[in-house]
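Colleague:
In this note's numbering, the protein residues as written are 31 to 476.
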């Protein structure tokens, strides 16, 4: 039974960071909505302002800081509002955030959102600062039904990480690796399909390790088989594959299953052998070459995405050139580049030979320029071709719709802008009339 105060209260919820954090946000929103809170899109109209933060690197914390301070400005205009920090930064730094942001009313960790939500319900109306940081993962694969990403939805199939890359704080925030039980993933998928979601995107810190902690002969290929067998008009995309677990079995499974998109997101982080060793990635450049050869030998045509870190300690000009030459070979359709972020408590934070920030920035720009040339050459070849696409959203004021091809993941890859309003989830044929670096202009073929 909801009390009258909850039923008359509203929540604004801002999520920053990666799709895994988006899933956490969906769980929070689902729980808050079921508890009786009204979810609103305008923070000025809300009684409670939630910021679901990211803390992976300094740039992420900077973005989170900007959002928290923006909420603080709103609170100053209406002092009866309350601000709560949740997400990875809350889990990482806990009560320290109350010192950094004294106008914030509470900090709630993400290791057990169900318990954090219960704590909030029991204490939200108290006139005191609230801090609840779970120290062990328990209710971490909650089901959820409050989604704002139609026509696609993220399904978390695993949480945590055991890889211990030398630069990464994720294991200390998200704990050790654990798989969501197969039946829970299937249950979530069925619910999404019944609600007409067109693309199910499987996420986790490392999806390719899926099943290693479950009973029986369960792995990612097994899960994909089960999902592909479900009835409905939908597709499946897998993100965050660790190179060491991109196997021929997995490649063949993705290529064979009709509902699984031939899209491989494989974060490599570097190509130079010494840098890979320092990063504790567990593979070298020769392994990367063999993996790419295996993928290219498949009968399927895969779109490849990766990410790289530049400016890692010890990355001199020669080692960066090794990476630059590798990128120049054009293996990848999509690429993300990040400057190394020193994270206190990680082994890499103690490494000597740090790269100055201006040099790291220049290297990031160079890597992006090389990749842009590769992408525009690829995109130009699509001009005057008709492609299949799905509409993600529209902008009524501009009179346009935004769509994307199967080879493009939402939010991070290429988009197609077309004149006219089409509903999200609608599948259309689009003639590409102009190729840009990261996007296209097109017209819908009726």
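Cβ atoms here follow ideal geometry from the backbone N, Cα and C, with glycine treated the same way.
For residue 252, name the three-state secondary structure that DSSP assigns.
Modeller: Taking the chain shown and counting its residues from 1, one reaches residue 252 at position 222. Note: residue 252 maps to helix in three-state DSSP.
Colleague: Are residue 195 and residue 309 close, meaning C-beta to C-beta below 9 Å?
Modeller: Within the chain shown, residue 195 is the residue found at index 165, counting from 1. Within the chain shown, residue 309 is the residue found at index 279, counting from 1. Cβ atoms of residue 195 and residue 309: closer than 9 Å.
Colleague: Can you check whether the CB of residue 340 is closer than 9 Å to the CB of residue 397?
Modeller: Here residue 397 refers to the residue found at position 367 of the chain shown. Here residue 340 refers to the residue found at position 310 of the chain shown. Yes; because the gap between Cβ atoms is below 9 Å, this pair is in contact.
Colleague: Can you list, in chain order, the residues of its chain with a C-beta nearer than 7 Å to that of residue 471? Leave out the 5 residues immediately preceding and following it.
Modeller: In the chain shown, residue 471 corresponds to position 441, counting from 1. Answer for residue 471: 447, 463 and 464, listed in chain order.
Colleague: Taking only runs that begin and end inside the region 108–159, name each unbroken beta strand (DSSP E) of 3 or more residues, in chain order.
Modeller: Those beta strand (DSSP E) runs which fall completely within the region 108–159 and span 3+ residues are 112–117 and 136–138.
Colleague: What first and last residue would you give for the alpha helix (DSSP H) that runs through residue 212?
Modeller: As a first step, residue 212 must be located in the chain shown, where it is residue number 182. Counting along the chain, the alpha helix (DSSP H) containing residue 212 begins and ends at 212–224.
Colleague: Is residue 356 near residue 394, with beta carbons less than 9 Å apart?
Modeller: As a first step, residue 356 must be located in the chain shown, where it is residue number 326. As a first step, residue 394 must be located in the chain shown, where it is residue number 364. The answer is no: Cβ separation not under 9 Å.
Colleague: Just to confirm my understanding: we take residue 31, look at its own chain, exclude 5 residues before and 5 after, and list those with CB closer than 6 Å. What are they?
Modeller: Working through the chain shown from its first residue, we reach residue 31 at position 1. Residue placement at residue 31 cannot be trusted, given a pLDDT of 40 that sits under 50; the coordinates are not used to answer.
Colleague: Looking only at its own chain, which residues have a Cβ that is under 6 Å from the Cβ of residue 423, when we skip the five neighbours before and after it?
Modeller: Here residue 423 corresponds to residue number 393 of the chain shown, with the count starting at 1. 432 and 454.
Colleague: Roughly how many angstroms lie between the CA atoms of residue 406 and residue 363, to the nearest whole one?
Modeller: In the chain shown, counting from the first residue as 1, residue 406 sits at position 376. In the chain shown, counting from the first residue as 1, residue 363 sits at position 333. Roughly 10 Å separates the two Cα atoms.
Colleague: Check residue 207 in the structure and name its three-state DSSP category.
Modeller: Mapped onto the chain shown, residue 207 falls at position 177. Residue 207: coil per DSSP, three-state reduction.
Colleague: Mind pulling the alpha helix (DSSP H) runs of 4 or more residues that sit fully within the region 48–104?
Modeller: With a minimum length of 4 residues, the continuous alpha helix (DSSP H) runs that stay inside the region 48–104 are 49–64.
Colleague: Any chance the region 50–62 sits against the region 87–107, with 3 or more Cβ pairs inside 8 Å?
Modeller: In short, these stretches do not touch, since the Cβ pair count stays below three.
Colleague: Give the secondary structure of residue 394 by DSSP, where H, G and I count as helix, E and B as strand, and everything else as coil.
Modeller: Locating residue 394 in the chain shown gives position 364, where the first residue counts as 1. In this structure, residue 394 counts as helix in the three-state DSSP scheme.
Colleague: Can you give the beta carbon distance from residue 370 to residue 197, rounded, assuming they're within the 8 Å contact cut?
Modeller: What you label residue 370 is simply residue 340 of the chain shown in a count that begins at 1. What you label residue 197 is simply residue 167 of the chain shown in a count that begins at 1. Between residue 197 and residue 370 the Cβ distance is about 7 Å, and since that is below 8 Å, they are a contact.
Colleague: Of the choices 111, 193, 139 and 129, whose alpha-carbon is the least far from that of residue 156?
Modeller: Looking up residue 156 in the chain shown gives position 126. For residue 156, the nearest C-alpha among the options comes from 111.
Colleague: Quick check on this structure: which residue in 223, 214 and 62 has the alpha carbon closest to the alpha carbon of residue 181?
Modeller: On the chain shown, position 151 is the one that residue 181 refers to. That would be 223, whose Cα lies nearest to the Cα of residue 181.
Colleague: Between the alpha carbons of residue 324 and residue 278, how many angstroms are there, rounded?
Modeller: In the chain shown, residue 324 corresponds to position 294, counting from 1. In the chain shown, residue 278 corresponds to position 248, counting from 1. Roughly 7 Å separates the two Cα atoms.
Colleague: Taking only the alpha-carbon atoms, compute the straight-line gap between residue 305 and residue 296 and give it to the nearest angstrom.
Modeller: Translated into the one-based positions of the chain shown, residue 305 becomes position 275. Translated into the one-based positions of the chain shown, residue 296 becomes position 266. About 17 Å.
Colleague: Please state the DSSP three-state secondary structure of residue 31.
Modeller: Taking the chain shown and counting its residues from 1, the one referred to as residue 31 is at position 1. With a pLDDT of 40 at residue 31, under the threshold of 50, the modelled position of this residue cannot be trusted; read the value that follows with caution. Reduced to three states, the DSSP call for residue 31 is coil.
Colleague: Does the distance from the CB of residue 474 to the CB of residue 458 come in under 9 Å?
Modeller: As a working mapping, residue 474 is identified with position 444 in the chain shown. As a working mapping, residue 458 is identified with position 428 in the chain shown. In contact: residue 474 and residue 458 (Cβ atoms closer than 9 Å).
Colleague: Alpha carbon to alpha carbon, how far is residue 226 from residue 255?
Modeller: Stepping through the chain shown from its first residue, residue 226 is reached at position 196. Stepping through the chain shown from its first residue, residue 255 is reached at position 225. Near 20 Å, if we compare the C-alpha coordinates of residue 255 and residue 226.
Colleague: Within 10 angstroms of its Cβ, does residue 122 collect 16 or more other Cβ (buried), or is it exposed?
Modeller: Numbered from its first residue, the chain shown carries residue 122 at position 92. Looking at its Cβ environment, which holds 16 or more other Cβ atoms inside 10 Å, residue 122 is buried.
Colleague: Please list, in chain order, all residues of the same chain as residue 164 whose beta carbon is under 7 Å from its beta carbon, the five residues on each side excluded.
Modeller: As a position in the chain shown, residue 164 is number 134, starting the count at 1. Cβ neighbours of residue 164 beyond the five flanking positions: 139, 141, 142, 145 and 146.
Colleague: To which residues of the same chain is residue 274 closer than 7 Å at the C-beta, ignoring the five residues directly before and after it?
Modeller: As a working note, residue 274 is residue 244 in the chain shown. For residue 274, where only same-chain residues beyond five positions count, the Cβ hits under 7 Å are 312 and 313.
Colleague: For the beta strand (DSSP E) that contains residue 459, what are its first and last residues?
Modeller: Position 429 of the chain shown, counted from the first residue, corresponds to residue 459. Run containing residue 459: 457–465, per the beta strand (DSSP E) assignment.
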